[in-house]
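The structure appears right after this line, and notes come after that.
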Amino acid sequence: MLIKSFNFSVLETICYLVADEKSYEALVIDCNIRTQKEKELLYKEIREHNLQLKYIINTHHHIDHTSGNALLKKEFGAQILIHELDALVLPEQWQWFEKTHNIMGEPLCDNCKDVKLNLKIMPEQKKVIIYCDKCGFKYEIFPSPPADRLLRNNNIIKLGDIEFKVMHTPGHSPGGICLYSEKEHVLFSGDTLFALSKGRTDMFDGSEQDMKKSLKELMKLPEDTVVYPGHMGLSTIGKEKKENPYVLGIK
Ligand SMILES: [Zn+2]
Ligand SMILES: [Zn+2]
Ligand SMILES: [Zn+2]
Numbered sequence: 043m044l045i046k047s048f049n050f051s052v053l054e055t056i057c058y059l060v061a062d063e064k065s066y067e068a069l070v071i072d073c074n075i076r077t078q079k080e081k082e083l084l085y086k087e088i089r090e091h092n093l094q095l096k097y098i099i100n101t102h103h104h105i106d107h108t109s110g111n112a113l114l115k116k117e118f119g120a121q122i123l124i125h126e127l128d129a130l131v132l133p134e135q136w137q138w139f140e141k142t143h144n145i146m147g148e149p150l151c152d153n154c155k156d157v158k159l160n161l162k163i164m165p166e167q168k169k170v171i172i173y174c175d176k177c178g179f180k181y182e183i184f185p186s187p188p189a190d191r192l193l194r195n196n197n198i199i200k201l202g203d204i205e206f207k208v209m210h211t212p213g214h215s216p217g218g219i220c221l222y223s224e225k226e227h228v229l230f231s232g233d234t235l236f237a238l239s240k241g242r243t244d245m246f247d248g249s250e251q252d253m254k255k256s257l258k259e260l261m262k263l264p265e266d267t268v269v270y271p272g273h274m275g276l277s278t279i280g281k282e283k284k285e286n287p288y289v290l291g292i293k
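In the numbering used here, the protein residues as written are 43 to 293.
This is the structure in structure tokens:
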């Protein structure tokens with residue numbers, strides 16, 4: 043199995059290209075390409091390996107994991123897959139953003155840390171632009187097409203002979219998922235499990251209770267499972283079981 047990771051976007055979200063080298067079937071997890079350069083990097087990799095892109099999978103509905111859906115689908119015609127609970131947000135992300143903004147206030151700039159970001163919400167175009175006056179940080183939300191297939195817990199996604207099991211792991215968002223391949227010993231953990239950390243649960247649709255249950259579930263996987271998270275570096279289930287402070291803190 044081929045796994046290529048791309049550290050795209052200002053929010054350091056990792057996009058994975060996964061392919062079965064026998065059938066050349068491929069999927070992209072959390073496509074967040076936004077610039078011409080990022081587009082070319084990902085497309086080049088797909089074309090150089092003669093891959094047939096079947097699926098674009100979003101581990102959850104957040105913009106830094108979905109902003110490339112429209113571009114990638116247009117280029118390769120792949121299907122967009124997301125859990126049924128997060129699918130509702132997908133084509134209306136600006137509304138979710140507006141709601142979050144109303145509840146939590148303006149977010150801090152990721153670059154300047156202490157400066158509040160400006161938001162420009164344009165409902166007619168289903169668009170949001172977030173920008174920082176101080177450092178020039180800018181993030182534009184591109185609307186995603188709706189999902190082509192809705193995922194549920196234990197669904198199987200096939201790539202040639204490789205099977206990925208969908209694990210519904212809510213907490214960071216209601217429809218957060220992880221993708222697990224028993225045969226390949228890999229877990230794509232989205233923003234549920236990070237190396238020695240976990241995803242935030244303070245958004246209006248997040249849940250700390252659900253997060254605890256989800257992490258508990260993930261810790262039942264074999265210890266040699268390699269974890270590919272939505273942000274930061276790789277880990278293994280064994281390491282997380284022994285050293286992750288959040289996991290250790292769950293009763
Ligand atoms: Zn997220
Ligand atoms: Zn800034
Ligand atoms: Zn994220």
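All C-beta atoms, glycine included, are put in the ideal place defined by N, C-alpha and C.
The alpha-carbon separation between leucine 130 and serine 186 amounts to approximately 11 Å. Between the C-alpha atoms of aspartate 62 and glycine 119 there is a straight-line separation of about 18 Å.
Taking a contact to require three or more Cβ pairs closer than 8 Å, the region 242-257 and the region 82-95 do not qualify as touching.
At a cut-off of 7 Å, the beta-carbon of asparagine 153 counts as near ligand 2: some heavy atom of the ligand is closer than that. Burial is judged here by how many other beta carbons sit within 10 angstroms of a residue's own beta carbon; isoleucine 292 has fewer than 16 and is exposed. Not a single heavy atom of ligand 2 lies less than 7 Å from the C-beta of lysine 158.
An exposed status is given to aspartate 266, since fewer than 16 other beta-carbon atoms sit within 10 Å of its beta-carbon. Taking one beta carbon from each stretch, the region 147-167 and the region 90-100 have fewer than 3 pairs nearer than 8 Å; the two do not touch.
In the structure shown, alanine 129 falls within a helical segment according to DSSP collapsed to helix, strand and coil. Listed in chain order, the non-local C-beta contacts of leucine 113 below 7 Å within the same chain comprise Ile75, Lys81, local neighbours out to five positions each way being set aside. For the pair glycine 178 and threonine 77, the Cα-to-Cα distance works out to about 16 Å. Contact check for histidine 227 and proline 264: beta-carbon distance about 7 Å, within the 8 Å limit, so the pair qualifies. Ligand 3 has a heavy atom closer than 7 Å to the beta-carbon of histidine 104. Listed in chain order, the alpha helix (DSSP H) elements of length 4 or more contained wholly in the region 100-125 are 105-108, 111-118.
Closest in alpha carbon position to cysteine 174, among Asn195, Lys168, Glu166, Val157, is Val157. When DSSP states are grouped into helix, strand and coil, glycine 280 belongs to the helix group. Per the DSSP secondary-structure output, arginine 191 pairs in a beta bridge with Leu123. Its chain contains Gly213, Thr243 as the residues whose beta carbon lies nearer than 8 Å to that of glutamate 250, once the 5 sequence neighbours on both sides are disregarded; these appear in chain order.
Selection Lys141, Gly272, Val268, Val208 evaluated against glutamate 126 yields Val208 as nearest (Cα-Cα). In this structure histidine 104 touches serine 215 by the C-beta definition: roughly 7 Å separates them, less than 8 Å.
Under the DSSP assignment, isoleucine 88 falls in the alpha helix (DSSP H) whose first and last residues are 78-90.
Going by DSSP, valine 289 is part of the alpha helix (DSSP H) stretching over 287-291. Runs of alpha helix (DSSP H) with 4 or more residues, each lying fully within the region 126-177, are found at 126-129, 135-146, listed in chain order. For glutamate 182, the enclosing beta strand (DSSP E) begins and ends at 180-183. If you look at glutamate 205, you'll find it in the beta strand (DSSP E) that goes 204-210.
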